Amino acid sequence: MTTLTATPDAIKQAAAILRAGGLVAFPTETVYGLGADATNGFAVAALYSAKGRPSFNPLIVHVPETAAAAAVATMTPLAQTLADAFWPGPLTLVLARRSNRIIADLATAGLDTVAVRVPAHPIAQALLRAADLPVAAPSANRSGHVSPTLAAHVATDLGLHVQLILDGGATRIGLESTVLDATGTDPVVLRLGAVTGEDIARITGRPVILAAGENDTAPVSPGMLTRHYAPNTRLRLDIHNVRAGEALLAFGPDLPSHAGPMFNLSPAGDLAEAAANLFAALRDLDASGAAAIAVMPIPAHGLGAAINDRLTRAARAA
Ligand code: TXA
Ligand code: MG
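This note's numbering numbers the first residue of the sequence shown as 911 and each following residue consecutively.
Listed below in structure tokens is the structure:
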């Protein structure tokens, strides 16, 4: 495994590895992804094995522009509206798969739908254009771990399994993309994420449905797996009083009294800053040796909905 600063030359090397069926980790504006050629079933198989991911969990196919999405999936009018507003950006659309079978069956886990996303990050954009392939890329962590927001997180989780890590620094958003079923006329959110329900309602003028059906055996979207995004240390949520021996995951300017390890997601109480810090904070506090992580209340509006979703999953006992 090599980590390289994402210079044009390193991006060229990464594209060659992808074209040869290898695995490359790269930054997107949300989190780091572990990429493989989505048209190559062997490359996708290597990707599942590197992540230790259950094979029923389908992958997001990354493309550089809407036209490339339309080549692998059927764009509905709803999808077109959303693509015009949010692509490139942190929105994943689940659409009917085209019958041309360009995408390997394994990448969609045999579903007749495919999840597609046009990332905005310049390094992701350059890599997708240089590889000239649709790239299947889950978050570049071991399955069930916290998503990586730094190249070093990828190296810790997947070091032995990835040929090249393109280092583009900390990811800007720090929370995964919103996954949205756009096969019908009303948007159905399958995974809360960086694009808020409020934004989707505003752009589409339609009611936003939040898929329930959280079920570990047959998930609507496996991002809904009950236990996911899990540190090893137990989390206690909505905490105002921290116990001795606990670490504190704080939010905002008004802190409870506390002496041990602490990470403030946003001293100013800014939800975008909190989202960007969330996964690194969980990793830090998980490594602190604390008996548990006490989490202060996070407001539920805007990005707070997705942050609370991740924290709730992380807090559930195995
Ligand atoms: O921000 C992100 O979305 C990152 C970056 C790398 O793009 N990727 C990411 O991928 O989070 P992953 O594999 O960790 O999560 C993909 C989510 C899962 O919840 C999966 O179940 C859902 O997308 N998904 C993929 N294909 C689907 C499909 N055909 N139908 C329903 N859900 C699907
Ligand atoms: Mg993931």
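We treat Cβ as the ideally placed atom computed from N, Cα and C, and that holds for glycine.
Only a predicted model underlies this, so the values are computations on that prediction, with no experimental measurement involved.
Proline 1117 has its alpha-carbon roughly 13 angstroms from the corresponding atom of aspartate 1091. Runs of beta strand (DSSP E) with 3 or more residues, each lying fully within the segment 1067-1114, are found at 1074-1077, 1088-1091, 1098-1101, listed in chain order. Taking 8 angstroms as the cut-off, the beta carbon of glycine 962 is found closer than this to the beta carbon of arginine 1052. Checking the 7 angstroms criterion, the Cβ of glutamate 975 is out of range of every heavy atom belonging to ligand 1. Taking the CA atoms as reference points, proline 1029 sits about 43 angstroms from alanine 1154.
A check of alpha carbon separations from valine 1045 across His972, Ala920, Arg1220 identifies His972 as the nearest. Leucine 1221 has no beta-bridge partner at all, per DSSP. Sequence-distant Cβ neighbours of asparagine 1142 in its own chain, meaning closer than 8 angstroms and more than five residues away, are Asp1196.
In the DSSP assignment, aspartate 1194 falls within the unbroken alpha helix (DSSP H) covering 1181-1196.
Beta-bridge pairing by DSSP links isoleucine 1203 to Leu1145, Ala1157.
Its Cα nearest to that of threonine 984, the residue Val1024 stands out among Leu1181, Val1024, Pro1058, Arg1039. Within its own chain, the residues whose Cβ lies closer than 8 angstroms to the Cβ of leucine 1021, once the five positions on either side in sequence are excluded, are Pro968, Arg1007, listed in chain order. Rounded to the nearest angstrom, the gap between the Cα atoms of aspartate 1109 and alanine 995 is 10 angstroms.
Note on geometry: alpha-carbon atoms of serine 1009 and aspartate 1015 lie some 11 angstroms from one another. Around the CB of histidine 1031, 16 or more other CB atoms lie within 10 Å, so the residue is classed as buried. Rounded to the nearest whole angstrom, the CA to CA distance from phenylalanine 936 to phenylalanine 1173 is 26 angstroms. A straight-line Cα-Cα distance of about 18 angstroms links asparagine 1151 and proline 1209. Using a 10 angstroms sphere on the CB of leucine 1158, the tally of other CB atoms reaches 16 or more, which defines it as buried.
Going by DSSP, isoleucine 970 is part of the beta strand (DSSP E) stretching over 970-972. Annotation for threonine 991: Ile1113, Thr1114 place their beta carbon closer than 8 angstroms to its own, counting only its chain and skipping 5 residues before and after.
Inter-residue distance for aspartate 947 and isoleucine 1217 is about 30 angstroms (C-alpha atoms, whole angstroms). Between the alpha carbons of leucine 933 and proline 998 lies a distance of about 23 angstroms.
Between proline 974 and leucine 1074, the beta carbon gap of about 19 angstroms keeps them out of contact (Cβ cut-off 8 angstroms). Taking every protein chain shown into account, the CB of leucine 1070 has fewer than 16 other CB atoms within 10 angstroms, so this residue is exposed. By the Cβ-count criterion, histidine 1211 is exposed, with fewer than 16 other Cβ atoms from all chains shown falling within 10 Å of its own Cβ.
In the displayed model, isoleucine 1119 falls within a strand according to three-state DSSP. Note that the C-beta distance between threonine 1002 and valine 1026 is below 8 angstroms. Excluding five sequence positions before and after alanine 1191, the CB atoms of its chain that fall closer than 8 angstroms to its own CB belong to Leu1159, Phe1173, Leu1175, given in chain order. Cβ contact annotation for alanine 1040 (same chain, cutoff 7 angstroms, sequence separation greater than five): Ile921, Lys922, Ala925, in chain order. DSSP, read as helix, strand or coil, puts proline 1032 in helix. Contact between leucine 1213 and leucine 1085 holds: CB atoms are separated by about 7 angstroms, below the 8 angstroms threshold.
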